Amino acid sequence: MQHIEASNSKPASKKYREIITKAICGNAKKFFRLSQFIDIPEGQHPTDVLGTTITMLELTNNTGISEAMSREEPGINISGTFEVHVWYAHKNSTDVARQNVQFEEIIPISEFEKGIISLVDAKVEIIKSPECLESTITKDNKIKINVELGVYAEIVGETKVSVCIYEPNGEEDDD
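Right under this line is the structure:
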C-alpha cells in the first residue's frame, strides 16, 4: 500500500475521457420449436414410431448482423441444418427414414444498446442440442416430429465509455 503525504499543493482534479472499445451490446437466449414432416417411401404405411435421432447440427455463419440495427426490435438471424433419423414399424418389418431439415429463426435481442458506434460481430452458440419432443404418424403416411432447440446469441459492437481520470496535484495533460 502506498503512503501519500499531505502537501500544500492543489487538490486532485477530475477529467473525463472517452474510450472506444468493443463490448457486448445485446444478448438473448431462446428456445424454439420446429415441426417437420418426414416422408415415408411410397407403399409403406407406418404403424409405430420406434425412435428418433437428430445428428449433424450445423449453424450457418450468416447472422444478418447488418440488419440488426435497421429493425424496430433488433435481432440475430439463426439458421442451419440437421439430419433426422426416424425408425418406424410397418407390416412385419422396420425401416429408417432420413431427412435433412433446414431451419431459420430470428432471435430478438433484448436490452440492445442503441448508442453503439458500429456493429462488429454476432455470435451464436447452441445451449440445447436439437431434441425430438414428439413424433406422430399422420393420416397421409408421414411422420410429424416436433423438435426443440436452444440458442444463445450476442451482438458485439464498438461503443464509447467515459472514464474519469484523476490527475494528482492539478497537473494538466499535454493534449
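Offset between the sequence shown (1-based) and the working numbering: plus 460. We put the beta carbon where it would ideally sit given N, CA and C, even for glycine. Treat the numbers as computed from the prediction; the structure is a model and nothing was measured.
task: Would you kindly work out how many angstroms separate the C-alpha atoms of Leu517 and Ile625, rounded to a whole number?
output: Approximately 49 Å, taken between the alpha carbons.
- request: Can you give me the Cβ contacts of Ser467 inside the same chain, cut-off strictly under 6 Å, excluding the 5 residues immediately before and after it?
  value: Confidence at Ser467 is low in this model, with a pLDDT of 48, below 50, so the placement of that residue should be treated as unreliable; the coordinate-derived value is given next. Within the same chain, Ser467 has no close Cβ partners at all.
query: From what residue to what residue does the beta strand (DSSP E) around Asn537 run?
result: 535 to 550
- request: Pull up the distance between the alpha-carbon of Ala483 and that of Gly617, whole angstroms please.
  value: 6 Å
query: Would Thr541 be called buried (16 or more neighbouring beta carbons within 10 Å of its own) or exposed?
result: By the beta-carbon neighbour count (other beta carbons within 10 angstroms, threshold 16), Thr541 is exposed.
query: Mapping DSSP to helix, strand and coil, what is Pro501?
result: coil
task: Drop a sphere of 10 angstroms on the beta-carbon of Gly511, count the other beta-carbons inside from all chains shown, and report buried for 16 or more, exposed for fewer.
output: exposed
task: Pull up the CB-CB distance for Gly535 and Ile567, whole angstroms please, since I reckon it's below 8 Å.
output: 6 Å
query: What separation, rounded to the nearest whole angstrom, lies between the Cα atoms of Glu478 and Ile615?
result: 21 Å
query: For Gly575, is the classification buried or exposed, using 16 other Cβ atoms within 10 angstroms of its Cβ as the cut-off for buried?
result: By the 10 Å Cβ count, Gly575 comes out exposed.
message: By the DSSP assignment, the beta strand (DSSP E) with Lys604 in it spans what residues?
response: 603 to 627
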